[in-house]
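Remarks on the structure that follows.
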Amino acid sequence: MKRNICLLLVVLVLAVLGAVLRWDDLFGGGNARRSNAEGAARPHLPRVAEAAVQLIEVRDTLGSVSMRRSGDGWVVVEAMDYKANPDRIKQFFEALTDLDVAELRSSTPERQHIFETGEDKARSIKLTGENGIVLLDLLVGKLDASVGAAQNAGSFVRQRSTPHTYAHKKRLQHLLFTTPSLWFDSRLMPSIEMKDFQKHVDEATEMVLEFDDIEMSSQPSPEPDTRPKRTGERLRIVLAASEVEVPAPAHVDDGPEPAAAPPQPTQERRWTAKEPESAQGFDLFEGQVDGMVRQLLGGRFEAVAGRDATEERFGLVKPVLSCALVTKDGTRRTLKIGAVVPPKEGASPTPGAASRYACTDESAWVYVIPEYMATMMQKRPEELKPPEQAPGVPPTGPRPIALPPEEGEKKVEEQQPAAPMREGG
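Its first residue numbered -18, the sequence shown is counted upward by one per residue in this note's numbering.
Below you can see the structure in the form of structure tokens.
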């Protein structure tokens, strides 16, 4: 009897204990504690905190580029510490968020070639903190297209020196180019916001050009009767924009009253030449002059060459071309273009692809720009006149519509005697 009672007590204790454990699983966080313990043991990538990063290094099979923290921003080390584009840096760190919750896909080194996370193919991101402590050394493989649409693809990644490959939810490949110019703002006039660009073009009132009237190195030889021969002289050209009255369209009494048209502008902007004296009064082709304005305000440089524009090798003390643009508010912006950039050692120059040194009054830096920017602005007034219409070419614009004759005109035509036929016709 006592034995049976003891067994019954043991069964009851076990039942109570099971009920307690079950209650803890459902309502007391037992499952969560076990999950956390398993998560702590499972390998995972570190969380990236931008504030702790002092140096960014991006590498691929062709080279590398690095960005260093400087004050409140970043600079591109390979571009002589030129200011990095803050938008590009922001995109970079946003793409690394949630890296610590990336899904583990493989821990087998032999499978790294499937994800392209091996040392031979992968690009890499290295983040370094204070005192040279490496915070992340990440190998980036191919896109993870398992999520479906290509625009939602993530990236396969692996921490260097570990065998574990993960599926990161965000795309990284488009941020890992090692060309320095892709990491900084390459606008020659960064003070102009893109949203206000057209406004600045429309408000240009004067352009002063001074240039050596010479053949540029990337220009083809002049063909007969197509371009004026270069004189080698130093020329000064001043162009001015003004608002002129637009004549109202002539009123036609014939025909039905036309439908009400939207109000038409009463003024339009017109470019004319002020200097030299021989060109005064020339009406210029607005599209071509505005193209020069756009080139100055929206032009981009290819690389950073130095900080001192007075160095003789840049040729900017006596530039080949200087272009100053004045807008309605009185702001004056100047671009100076100097010597040809010599080809890299061992490289032969590419025909039609020369570059020149340049500087602006918005910065103390010396830039490298494509030479075609100079050729676009090296224009004499006669080269800016509206294109002449070729002989035999009908004028452009809408042609008059031939309307059918009125009913009365038809009857008159029907009553006209037919012309006599020629003999033998």
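Yeah, the Cβ is synthetic: ideal placement off N, Cα and C, and Gly gets one too. Keep in mind the model is a prediction, meaning the values are calculated, not measured.
Kindly indicate which residue of the options has the alpha-carbon position closest to the one of residue i.
i      : options                           : result
Met273 : Val56, Leu163, Ser344 and Ser303  : Ser303
His94  : Glu84, Leu119, Thr78 and Lys123   : Lys123
Ile114 : Val34, Glu196 and Glu293          : Val34
Glu293 : Phe263, Glu258, Val347 and Pro324 : Val347
Asp101 : Arg40, Leu26, Asp53 and Ala76     : Arg40
Gly52  : Gly44, Met358 and Asp62           : Asp62
Pro257 : His155, Gly280, Leu108 and Glu363 : Glu363
Thr159 : Gln140, Glu187 and Leu43          : Leu43
Asp177 : Leu108, Asp289 and Arg275         : Arg275
Val416 : Val349, Gly262 and Gly319         : The displayed coordinates of the chain run from -18 to 406. Any statement about residue 416 would go beyond what the structure contains.
Thr78  : Lys151, Ala335 and Gly311         : Lys151
Asn133 : Leu153, Leu116 and Val121         : Leu153
Phe295 : Gly319, Val301, Arg288 and Glu283 : Gly319
Gly311 : Thr186, Gly213, Ala355 and Lys210 : Thr186
Ala345 : Met188, Thr315, Glu196 and Glu326 : Thr315
Ala30  : Ser45, Pro90, Ala103 and Leu108   : Leu108
Met358 : Glu174, Ala103, Met188 and Met175 : Met188
Thr356 : Pro324, Pro323 and Val301         : Val301
In chain order, what residues of the same chain have a beta carbon less than 7 Å from the beta carbon of residue i, not counting five sequence neighbours either side?
i      : result
Val298 : Thr291
Leu365 : Leu265, Phe266, Gln269 and Val270
Ala13  : Residue confidence is low: Ala13 scores 39 on pLDDT, short of 50, so the model does not pin down where it sits. Its coordinate-derived value is still stated next. Answer for Ala13: no residue qualifies.
Val182 : Asp271, Val274, Arg275 and Leu278
Gln261 : Ala254 and Lys255
Thr212 : Asp194
Pro351 : Glu283 and Ser336
Could you pull the DSSP bridge partners for residue i from this structure?
i      : result
Tyr348 : Val285 and Ala339
Arg251 : Ser223
Phe410 : Because residue 410 is not part of the residues shown, which for the chain are -18 to 406, the question remains open.
Arg152 : In DSSP, Arg152 forms no bridge with anything.
Tyr147 : Leu85 and Val138
Arg430 : Residue 430 lies beyond the stretch modelled for the chain, which goes from -18 to 406, so this question has no answer here.
Phe266 : Phe266 is not bridged to any residue.
Met188 : Leu220 and Leu306
Val274 : Its beta-bridge partners do not exist; DSSP assigns none.
Thr105 : Looking at the sequence itself, residue 105 is Ser, so the reference to Thr does not match. For Ser105, which the question treats as bridged, DSSP gives the partners Arg40 and Leu120.
Leu77  : DSSP, once it has assigned bridges, lists no residue as partnering Leu77.
Thr315 : Ala305
Val321 : Arg337
Glu256 : Val219
Asp125 : Gly135
Asp193 : Arg215
Val423 : Absent from the structure is residue 423, since the part of the chain shown begins at -18 and ends at 406.
Once the 5 residues before and after residue i are set aside, which same chain residues still bring their CB inside 8 Å of it?
i      : result
Arg215 : Glu191, Phe192, Asp193 and Asp194
Lys360 : Leu190, Ile218, Gln269 and Met273
Trp55  : Ile37, Met48, Arg49, Lys64, Ala65, Pro67 and Ile70
Arg92  : Thr146
Arg313 : Ala305, Leu306, Val307 and Asp342
Arg28  : Leu80 and Asp81
Pro368 : Phe266
Ile173 : His181, Leu278 and Gly279
Is the beta carbon of residue i less than 8 Å from the beta carbon of residue j?
i      : j      : result
Glu343 : Pro171 : yes
Leu119 : Ser142 : no
Arg337 : Leu169 : no
Ala83  : His149 : yes
Glu184 : Lys309 : yes
Val121 : Leu163 : no
Glu226 : Arg250 : no
Ser88  : Phe96  : no
Ala161 : Ala76  : Checking the sequence, you will find Pro at residue 161 rather than Ala. Contact: no.
Phe73  : Thr98  : no
Pro24  : Leu117 : no
Gln179 : Leu26  : no
Gly135 : Asp125 : yes
Could you name the residues of the same chain whose beta carbon sits closer than 6 Å to that of residue i, not counting the 5 residues immediately before and after it, in chain order?
i      : result
Val58  : Ser47 and Arg49
Lys255 : Val219 and Ala221
Cys340 : Ala290, Leu297, Lys317 and Val347
Val321 : Ser198, Ala335 and Arg337
Trp252 : Leu220, Ala222, Leu265, Glu267 and Val270
Glu326 : none
Asp166 : Asn66
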